[in-house]
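>
In the UniProt record's numbering, the protein residues as written are 1 to 405.
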(Lines of atoms letter the chains of each structure in order from A and count residues from 1; the text may use other names and numbers.)
(Lines give C-alpha, C1' and ligand atoms only; values in the text may rest on other atoms or scores of the structure.)
Protein backbone atom coordinates (compact mmCIF):
# COMPACT_ATOMS: atom_id res chain seq x y z
CA UNK A 1 0.00 0.00 0.00
CA UNK A 2 1.33 3.41 -0.97
CA UNK A 3 0.33 5.38 2.12
CA UNK A 4 1.79 2.81 4.48
CA UNK A 5 5.23 3.25 2.95
CA UNK A 6 5.47 6.87 4.13
CA UNK A 7 7.66 7.56 7.15
CA UNK A 8 5.66 9.05 10.00
CA UNK A 9 6.69 12.71 10.24
CA UNK A 10 6.86 14.47 13.61
CA UNK A 11 4.62 17.45 14.15
CA UNK A 12 6.27 20.84 13.75
CA UNK A 13 7.14 21.63 17.40
CA UNK A 14 6.18 25.29 17.10
CA UNK A 15 2.84 24.67 15.42
CA UNK A 16 2.10 21.85 17.88
CA UNK A 17 2.15 24.47 20.63
CA UNK A 18 -0.99 26.03 19.16
CA UNK A 19 -2.94 22.94 20.13
CA UNK A 20 -1.29 22.77 23.54
CA UNK A 21 -2.21 26.36 24.32
CA UNK A 22 -5.82 25.84 23.32
CA UNK A 23 -6.06 22.70 25.43
CA UNK A 24 -4.48 24.30 28.51
CA UNK A 25 -7.29 24.99 31.03
CA UNK A 26 -5.27 27.53 33.03
CA UNK A 27 -6.93 30.90 32.49
CA UNK A 28 -3.68 32.80 33.07
CA UNK A 29 -1.89 31.01 30.22
CA UNK A 30 0.28 33.24 28.04
CA UNK A 31 1.03 32.35 24.42
CA UNK A 32 4.33 33.89 23.27
CA UNK A 33 5.14 31.19 20.75
CA UNK A 34 3.70 31.64 17.24
CA UNK A 35 4.64 34.97 15.64
CA UNK A 36 1.39 36.93 15.51
CA UNK A 37 0.66 40.40 16.86
CA UNK A 38 -1.79 40.57 19.77
CA UNK A 39 -3.29 43.60 21.49
CA UNK A 40 -3.56 44.20 25.23
CA UNK A 41 -6.60 41.90 25.36
CA UNK A 42 -4.68 39.10 23.70
CA UNK A 43 -6.54 39.37 20.40
CA UNK A 44 -5.18 39.62 16.84
CA UNK A 45 -7.52 42.29 15.45
CA UNK A 46 -8.39 43.02 11.84
CA UNK A 47 -6.90 46.43 11.04
CA UNK A 48 -9.42 49.19 10.34
CA UNK A 49 -7.70 50.02 7.05
CA UNK A 50 -8.10 46.39 6.01
CA UNK A 51 -11.79 46.39 6.92
CA UNK A 52 -12.33 49.55 4.88
CA UNK A 53 -10.50 48.09 1.89
CA UNK A 54 -12.51 44.89 2.11
CA UNK A 55 -15.73 46.88 2.15
CA UNK A 56 -14.65 48.64 -1.03
CA UNK A 57 -13.85 45.31 -2.67
CA UNK A 58 -17.19 43.80 -1.74
CA UNK A 59 -19.00 46.81 -3.16
CA UNK A 60 -17.01 47.18 -6.36
CA UNK A 61 -15.22 43.98 -7.30
CA UNK A 62 -16.69 42.85 -10.63
CA UNK A 63 -15.07 39.44 -11.10
CA UNK A 64 -13.36 36.49 -9.44
CA UNK A 65 -11.59 35.38 -12.61
CA UNK A 66 -8.00 34.14 -12.53
CA UNK A 67 -5.23 36.72 -12.53
CA UNK A 68 -2.47 34.44 -13.83
CA UNK A 69 0.71 33.05 -12.19
CA UNK A 70 2.07 36.55 -11.52
CA UNK A 71 -1.02 37.49 -9.53
CA UNK A 72 -2.04 41.10 -9.01
CA UNK A 73 0.56 43.12 -10.90
CA UNK A 74 -0.55 46.43 -9.38
CA UNK A 75 -0.20 44.92 -5.92
CA UNK A 76 3.38 43.96 -6.82
CA UNK A 77 4.08 47.48 -8.08
CA UNK A 78 2.80 49.02 -4.84
CA UNK A 79 4.86 46.59 -2.75
CA UNK A 80 7.96 47.45 -4.79
CA UNK A 81 7.33 51.14 -4.03
CA UNK A 82 6.85 50.38 -0.33
CA UNK A 83 10.08 48.39 -0.08
CA UNK A 84 12.37 50.16 -2.53
CA UNK A 85 10.86 53.64 -2.75
CA UNK A 86 8.76 55.07 -5.55
CA UNK A 87 11.86 56.41 -7.32
CA UNK A 88 14.22 53.47 -6.95
CA UNK A 89 17.23 53.66 -9.24
CA UNK A 90 17.20 49.92 -10.00
CA UNK A 91 14.93 48.00 -12.32
CA UNK A 92 12.31 45.86 -10.56
CA UNK A 93 10.10 42.94 -11.50
CA UNK A 94 7.83 41.03 -9.17
CA UNK A 95 5.06 38.52 -8.76
CA UNK A 96 2.55 37.80 -6.06
CA UNK A 97 3.24 34.77 -3.86
CA UNK A 98 1.47 32.63 -1.31
CA UNK A 99 2.72 34.55 1.72
CA UNK A 100 6.33 35.36 2.50
CA UNK A 101 7.13 31.67 2.76
CA UNK A 102 5.83 31.17 -0.78
CA UNK A 103 8.13 33.96 -1.94
CA UNK A 104 11.07 32.26 -0.25
CA UNK A 105 10.07 28.98 -1.88
CA UNK A 106 10.01 30.57 -5.35
CA UNK A 107 13.35 32.26 -4.65
CA UNK A 108 14.85 28.94 -3.57
CA UNK A 109 13.60 27.28 -6.75
CA UNK A 110 15.08 30.07 -8.87
CA UNK A 111 18.43 29.57 -7.18
CA UNK A 112 18.24 25.79 -7.51
CA UNK A 113 17.50 25.74 -11.26
CA UNK A 114 20.33 28.18 -11.94
CA UNK A 115 23.59 26.19 -12.25
CA UNK A 116 26.67 27.35 -10.35
CA UNK A 117 28.87 29.49 -12.62
CA UNK A 118 31.89 27.25 -12.12
CA UNK A 119 30.17 23.90 -11.63
CA UNK A 120 30.71 21.91 -8.46
CA UNK A 121 27.26 20.67 -7.50
CA UNK A 122 24.07 22.28 -6.29
CA UNK A 123 23.66 25.97 -5.66
CA UNK A 124 24.75 27.09 -2.20
CA UNK A 125 22.98 29.41 0.21
CA UNK A 126 24.56 30.75 3.41
CA UNK A 127 22.37 31.12 6.51
CA UNK A 128 23.35 33.03 9.63
CA UNK A 129 22.21 31.08 12.68
CA UNK A 130 20.07 31.21 14.70
CA UNK A 131 17.45 31.88 12.05
CA UNK A 132 13.73 31.36 11.48
CA UNK A 133 12.95 27.69 11.90
CA UNK A 134 11.37 27.28 8.46
CA UNK A 135 14.32 28.66 6.50
CA UNK A 136 16.25 25.39 6.50
CA UNK A 137 13.30 23.16 5.39
CA UNK A 138 12.37 25.57 2.59
CA UNK A 139 15.88 25.67 1.17
CA UNK A 140 16.64 22.00 1.74
CA UNK A 141 13.46 20.90 -0.03
CA UNK A 142 14.42 23.03 -3.03
CA UNK A 143 17.71 21.13 -3.28
CA UNK A 144 20.06 23.91 -2.18
CA UNK A 145 23.27 23.19 -0.31
CA UNK A 146 23.12 25.03 3.03
CA UNK A 147 26.14 26.44 4.81
CA UNK A 148 25.87 28.23 8.14
CA UNK A 149 27.75 30.74 10.28
CA UNK A 150 27.04 32.71 13.45
CA UNK A 151 24.74 35.73 13.45
CA UNK A 152 25.41 36.67 17.07
CA UNK A 153 28.32 36.59 19.50
CA UNK A 154 28.85 33.82 22.03
CA UNK A 155 26.53 35.52 24.53
CA UNK A 156 23.79 35.88 21.94
CA UNK A 157 23.35 39.56 22.78
CA UNK A 158 25.18 41.34 19.92
CA UNK A 159 25.72 40.94 16.20
CA UNK A 160 28.87 39.06 15.22
CA UNK A 161 29.63 41.20 12.19
CA UNK A 162 33.12 39.75 11.94
CA UNK A 163 31.48 36.38 11.24
CA UNK A 164 29.48 37.96 8.41
CA UNK A 165 32.64 39.39 6.86
CA UNK A 166 34.45 36.09 7.25
CA UNK A 167 31.54 34.36 5.51
CA UNK A 168 31.83 36.80 2.61
CA UNK A 169 35.48 35.81 2.25
CA UNK A 170 34.78 32.07 2.41
CA UNK A 171 31.80 32.08 0.05
CA UNK A 172 32.33 31.35 -3.64
CA UNK A 173 31.23 33.74 -6.40
CA UNK A 174 27.62 32.96 -7.25
CA UNK A 175 26.74 31.69 -3.76
CA UNK A 176 23.51 33.08 -2.33
CA UNK A 177 23.37 34.80 1.06
CA UNK A 178 20.16 35.04 3.08
CA UNK A 179 19.72 38.37 4.87
CA UNK A 180 16.79 39.41 7.03
CA UNK A 181 15.74 42.93 6.15
CA UNK A 182 14.69 44.04 9.64
CA UNK A 183 13.34 42.69 12.92
CA UNK A 184 15.60 39.64 12.82
CA UNK A 185 13.76 36.44 13.65
CA UNK A 186 14.50 35.13 16.27
CA UNK A 187 17.12 37.44 17.83
CA UNK A 188 15.83 40.97 17.13
CA UNK A 189 19.45 41.97 16.34
CA UNK A 190 19.74 43.89 13.06
CA UNK A 191 22.53 45.47 11.01
CA UNK A 192 23.40 49.12 11.43
CA UNK A 193 23.30 51.37 8.37
CA UNK A 194 27.09 51.21 8.08
CA UNK A 195 27.09 47.43 8.35
CA UNK A 196 24.52 47.21 5.54
CA UNK A 197 26.74 49.39 3.36
CA UNK A 198 29.91 47.44 4.16
CA UNK A 199 28.30 44.08 3.57
CA UNK A 200 26.69 45.27 0.31
CA UNK A 201 30.10 46.35 -1.04
CA UNK A 202 31.71 43.06 0.00
CA UNK A 203 28.96 41.06 -1.69
CA UNK A 204 29.21 43.12 -4.86
CA UNK A 205 33.01 42.79 -4.98
CA UNK A 206 32.87 39.03 -4.40
CA UNK A 207 29.98 38.32 -6.79
CA UNK A 208 27.67 36.99 -4.05
CA UNK A 209 23.92 36.92 -4.60
CA UNK A 210 21.62 38.40 -1.91
CA UNK A 211 18.25 36.95 -0.99
CA UNK A 212 16.46 39.23 1.47
CA UNK A 213 13.66 37.98 3.73
CA UNK A 214 11.56 41.05 4.56
CA UNK A 215 8.66 40.09 6.81
CA UNK A 216 8.49 42.82 9.46
CA UNK A 217 8.78 46.19 7.72
CA UNK A 218 7.33 48.80 10.07
CA UNK A 219 7.82 46.82 13.28
CA UNK A 220 11.38 48.01 13.92
CA UNK A 221 11.92 51.76 13.53
CA UNK A 222 9.30 52.62 10.89
CA UNK A 223 8.35 51.82 7.31
CA UNK A 224 11.07 53.92 5.69
CA UNK A 225 13.74 53.23 8.27
CA UNK A 226 13.20 49.47 8.13
CA UNK A 227 13.61 49.46 4.34
CA UNK A 228 16.79 51.56 4.34
CA UNK A 229 19.20 48.64 4.55
CA UNK A 230 17.52 46.76 1.70
CA UNK A 231 17.66 49.91 -0.45
CA UNK A 232 21.36 50.32 0.32
CA UNK A 233 21.94 46.73 -0.73
CA UNK A 234 20.12 46.84 -4.07
CA UNK A 235 21.88 50.09 -5.00
CA UNK A 236 25.25 48.33 -4.79
CA UNK A 237 24.69 44.78 -6.07
CA UNK A 238 23.84 43.98 -9.70
CA UNK A 239 20.98 41.60 -8.86
CA UNK A 240 18.92 40.61 -5.83
CA UNK A 241 15.82 38.72 -4.74
CA UNK A 242 13.53 40.09 -2.02
CA UNK A 243 10.86 37.90 -0.40
CA UNK A 244 8.19 40.18 1.08
CA UNK A 245 5.47 39.19 3.54
CA UNK A 246 2.35 41.28 4.19
CA UNK A 247 1.04 38.93 6.85
CA UNK A 248 2.38 40.87 9.83
CA UNK A 249 2.37 44.41 8.46
CA UNK A 250 -1.27 44.21 7.34
CA UNK A 251 -2.46 41.57 9.81
CA UNK A 252 -3.41 39.26 6.94
CA UNK A 253 -1.99 36.07 8.40
CA UNK A 254 -4.57 33.59 7.15
CA UNK A 255 -4.89 35.30 3.74
CA UNK A 256 -1.24 34.45 2.93
CA UNK A 257 -0.11 37.59 1.12
CA UNK A 258 3.41 38.01 -0.18
CA UNK A 259 5.52 39.00 -3.18
CA UNK A 260 8.84 38.06 -4.70
CA UNK A 261 10.71 41.10 -6.01
CA UNK A 262 13.65 40.82 -8.41
CA UNK A 263 16.01 43.75 -8.88
CA UNK A 264 18.68 44.25 -11.51
CA UNK A 265 20.55 46.71 -13.66
CA UNK A 266 19.59 45.23 -17.04
CA UNK A 267 16.12 44.64 -18.45
CA UNK A 268 16.79 41.48 -20.49
CA UNK A 269 18.10 39.27 -17.64
CA UNK A 270 15.31 40.54 -15.38
CA UNK A 271 12.71 39.54 -17.98
CA UNK A 272 14.21 36.05 -18.10
CA UNK A 273 14.08 35.78 -14.31
CA UNK A 274 10.45 36.90 -14.28
CA UNK A 275 9.53 34.34 -16.94
CA UNK A 276 11.24 31.57 -14.99
CA UNK A 277 9.54 32.63 -11.74
CA UNK A 278 6.12 32.54 -13.41
CA UNK A 279 6.84 29.09 -14.85
CA UNK A 280 7.87 27.81 -11.42
CA UNK A 281 4.80 29.36 -9.79
CA UNK A 282 2.59 27.74 -12.42
CA UNK A 283 4.03 24.35 -11.54
CA UNK A 284 3.86 24.92 -7.79
CA UNK A 285 0.33 26.28 -7.28
CA UNK A 286 -0.83 27.60 -10.67
CA UNK A 287 -2.29 30.92 -9.45
CA UNK A 288 -2.02 32.82 -6.16
CA UNK A 289 -5.18 33.75 -4.21
CA UNK A 290 -6.46 37.22 -4.96
CA UNK A 291 -8.30 38.61 -1.94
CA UNK A 292 -5.45 39.53 0.44
CA UNK A 293 -3.34 41.09 -2.29
CA UNK A 294 -6.36 43.07 -3.52
CA UNK A 295 -6.82 44.37 0.04
CA UNK A 296 -3.19 45.52 0.26
CA UNK A 297 -3.35 47.13 -3.17
CA UNK A 298 -6.57 48.95 -2.24
CA UNK A 299 -4.97 50.30 0.92
CA UNK A 300 -1.79 51.44 -0.82
CA UNK A 301 -3.64 53.05 -3.73
CA UNK A 302 -5.66 55.25 -1.38
CA UNK A 303 -3.93 58.13 0.41
CA UNK A 304 -6.56 58.05 3.17
CA UNK A 305 -6.34 54.29 3.72
CA UNK A 306 -2.54 54.37 3.59
CA UNK A 307 -2.52 57.06 6.26
CA UNK A 308 -4.94 55.04 8.42
CA UNK A 309 -2.90 51.87 7.98
CA UNK A 310 0.34 53.68 8.80
CA UNK A 311 -1.16 55.06 12.02
CA UNK A 312 -2.32 51.59 13.03
CA UNK A 313 1.07 50.07 12.27
CA UNK A 314 2.82 52.87 14.18
CA UNK A 315 0.60 52.15 17.19
CA UNK A 316 1.44 48.45 17.05
CA UNK A 317 5.15 49.24 16.89
CA UNK A 318 4.87 51.74 19.76
CA UNK A 319 3.22 49.15 22.01
CA UNK A 320 5.96 46.68 21.13
CA UNK A 321 8.65 49.25 21.98
CA UNK A 322 6.92 49.92 25.31
CA UNK A 323 6.90 46.21 26.07
CA UNK A 324 10.62 45.91 25.31
CA UNK A 325 11.44 48.87 27.54
CA UNK A 326 9.26 47.58 30.38
CA UNK A 327 11.16 44.30 30.33
CA UNK A 328 14.58 45.94 29.99
CA UNK A 329 14.11 48.21 33.04
CA UNK A 330 12.59 45.53 35.27
CA UNK A 331 14.65 44.98 38.45
CA UNK A 332 15.31 41.36 37.46
CA UNK A 333 16.21 42.11 33.83
CA UNK A 334 19.94 42.16 34.48
CA UNK A 335 19.92 38.79 36.22
CA UNK A 336 17.94 37.28 33.35
CA UNK A 337 20.03 38.82 30.54
CA UNK A 338 17.15 40.95 29.24
CA UNK A 339 18.50 44.49 29.53
CA UNK A 340 19.49 44.55 25.86
CA UNK A 341 15.91 44.08 24.63
CA UNK A 342 15.33 47.82 24.39
CA UNK A 343 18.07 48.09 21.74
CA UNK A 344 16.77 45.20 19.65
CA UNK A 345 14.11 45.46 16.95
CA UNK A 346 10.93 43.76 15.83
CA UNK A 347 8.63 41.17 17.29
CA UNK A 348 11.06 38.66 18.76
CA UNK A 349 13.83 38.07 21.25
CA UNK A 350 15.74 34.91 22.05
CA UNK A 351 16.14 33.74 25.62
CA UNK A 352 19.57 32.50 26.58
CA UNK A 353 17.92 29.43 28.06
CA UNK A 354 17.77 25.76 27.30
CA UNK A 355 14.99 23.23 26.97
CA UNK A 356 14.63 22.83 30.74
CA UNK A 357 13.76 26.50 31.21
CA UNK A 358 11.32 26.50 28.28
CA UNK A 359 9.59 23.42 29.68
CA UNK A 360 9.40 24.87 33.20
CA UNK A 361 7.91 28.09 31.85
CA UNK A 362 5.12 26.04 30.31
CA UNK A 363 4.60 23.58 33.14
CA UNK A 364 4.88 25.92 36.12
CA UNK A 365 3.70 29.30 34.78
CA UNK A 366 1.55 28.47 31.71
CA UNK A 367 3.90 30.61 29.59
CA UNK A 368 4.45 29.20 26.12
CA UNK A 369 7.52 30.19 24.08
CA UNK A 370 9.03 28.48 21.04
CA UNK A 371 11.14 25.37 21.72
CA UNK A 372 14.36 27.25 20.90
CA UNK A 373 13.56 29.95 23.47
CA UNK A 374 12.21 32.49 21.00
CA UNK A 375 9.71 34.85 22.58
CA UNK A 376 7.03 36.64 20.57
CA UNK A 377 7.08 39.98 22.38
CA UNK A 378 4.26 41.19 20.13
CA UNK A 379 2.03 38.74 21.99
CA UNK A 380 2.93 40.00 25.47
CA UNK A 381 0.52 42.55 26.99
CA UNK A 382 2.15 45.29 29.02
CA UNK A 383 -0.04 44.26 31.95
CA UNK A 384 1.55 40.79 31.90
CA UNK A 385 5.24 41.82 31.81
CA UNK A 386 5.63 41.18 35.54
CA UNK A 387 4.05 37.72 35.13
CA UNK A 388 6.48 36.92 32.33
CA UNK A 389 9.51 38.09 34.32
CA UNK A 390 8.41 36.22 37.44
CA UNK A 391 7.80 33.03 35.48
CA UNK A 392 11.16 33.26 33.74
CA UNK A 393 12.99 33.95 37.01
CA UNK A 394 11.35 30.92 38.59
CA UNK A 395 12.14 28.72 35.58
CA UNK A 396 15.79 29.81 35.58
CA UNK A 397 16.23 29.14 39.27
CA UNK A 398 18.55 26.20 39.87
CA UNK A 399 16.79 23.13 41.29
CA UNK A 400 17.38 22.59 44.99
CA UNK A 401 19.25 19.42 45.99
CA UNK A 402 17.13 16.81 47.67
CA UNK A 403 17.55 16.57 51.43
CA UNK A 404 18.92 13.30 52.73
CA UNK A 405 16.56 11.63 55.16
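For every residue, glycine included, the Cβ atom is placed at its ideal position computed from N, Cα and C.
Heavy atom of the ligand MG less than 6 Å from the Cβ of residue 357, yes or no?
What this structure holds is no ligand at all, so the ligand MG is not there to describe.
> In whole angstroms, give me the CA-to-CA distance for residue 263 and residue 22.
One-based indexing of the chain shown puts residue 263 at position 263. One-based indexing of the chain shown puts residue 22 at position 22. One C-alpha to the other measures close to 43 Å.
> Would you report the Cα separation of residue 404 and residue 108, rounded to the nearest angstrom?
By 1-based counting over the chain shown, the position of residue 404 is 404. By 1-based counting over the chain shown, the position of residue 108 is 108. Because residue 404 carries a pLDDT of 46, less than 50, the predicted location of this residue cannot be relied on, and no value is offered for it.
> Pick out the complete alpha helix (DSSP H) segments inside the segment 209-238, 4 residues or longer, and give them in chain order.
223-236, all fully within the segment 209-238.
> Excluding sequence positions up to five away, which residues of its chain have a Cβ less than 8 Å from the Cβ of residue 280?
Stepping through the chain shown from its first residue, residue 280 is reached at position 280. Closer than 8 Å at the Cβ level, and outside the excluded window around residue 280, lie 106, 109, 110, 113.
> Pick out whichever of 34, 295, 208 has its Cα sitting closest to the Cα of residue 378.
Along the chain shown, one-based indexing puts residue 378 at 378. Ranking the options by Cα distance to residue 378, first place goes to 34.
> In the DSSP assignment, what residue or residues form a beta bridge with residue 150?
Translated into the one-based positions of the chain shown, residue 150 becomes position 150. Answer is 129.
> Whole beta strand (DSSP E) runs in the segment 43-117 with 3 or more residues, listed along the chain?
Whole beta strand (DSSP E) segments, 3+ residues: 91-98.
> Kindly indicate the opening and closing residues of the beta strand (DSSP E) around residue 369.
Here residue 369 refers to the residue found at position 369 when the chain shown is read from its first residue. Taken as a continuous stretch (DSSP letters only), the beta strand (DSSP E) holding residue 369 covers 367-369.
> Does the segment 46-55 touch the segment 287-302, meaning 3 or more C-beta pairs lie closer than 8 Å?
With a cut-off of 8 Å, the segment 46-55 and the segment 287-302 count as touching, because enough Cβ pairs lie within range.
> Verify whether the separation of the beta carbon atoms of residue 149 and residue 183 is less than 7 Å.
Translated into positions along the chain shown, residue 149 becomes position 149. Translated into positions along the chain shown, residue 183 becomes position 183. No, the pair does not count as a contact, with Cβ atoms beyond the cut-off.
> Can you name the start and end residues of the alpha helix (DSSP H) that residue 279 belongs to?
The residue given as residue 279 occupies position 279 in the chain shown. That run of the alpha helix (DSSP H) goes 267-284.
> Grab me the residues of residue 341's own chain with a C-beta within less than 6 Å of its C-beta, minus the 5 sequence neighbours each way, in chain order.
Working through the chain shown from its first residue, we reach residue 341 at position 341. Contacts found: 324, 327, 328, 349.
> Give the DSSP bridge partners of residue 176, in chain order.
Stepping through the chain shown from its first residue, residue 176 is reached at position 176. Beta-bridge pairing links residue 176 to 125, 209.
> With three or more beta-carbon pairs closer than 8 Å as the criterion, would you say the segment 246-263 touches the segment 214-230?
Touching, yes, given that three or more Cβ pairs across the two stretches are closer than 8 Å.
> Note the first and the last residue of the continuous alpha helix (DSSP H) segment covering residue 380.
Here residue 380 refers to the residue found at position 380 of the chain shown. Element bounds for residue 380: n/a, residue is neither H nor E.
> What's the gap between the Cα of residue 7 and the Cα of residue 138?
Along the chain shown, read from residue 1 onward, the residue named residue 7 stands at position 7. Along the chain shown, read from residue 1 onward, the residue named residue 138 stands at position 138. For residue 7 and residue 138, the distance between alpha carbons rounds to 19 Å.
> Does the segment 92-102 come within contact of the segment 251-270, defined as at least 3 CB pairs closer than 8 Å?
Contact holds: three or more Cβ-Cβ distances are below 8 Å.
> Among 389, 387, 380, 397, which residue has its Cα nearest to the Cα of residue 41?
Numbered from its first residue, the chain shown carries residue 41 at position 41. Here the closest residue by C-alpha is 380.
> Taking the alpha-carbon positions, what's the residue 362 to residue 317 distance?
Counted from its first residue, the chain shown places residue 362 at position 362. Counted from its first residue, the chain shown places residue 317 at position 317. If I take the Cα positions, the gap works out to 27 Å.
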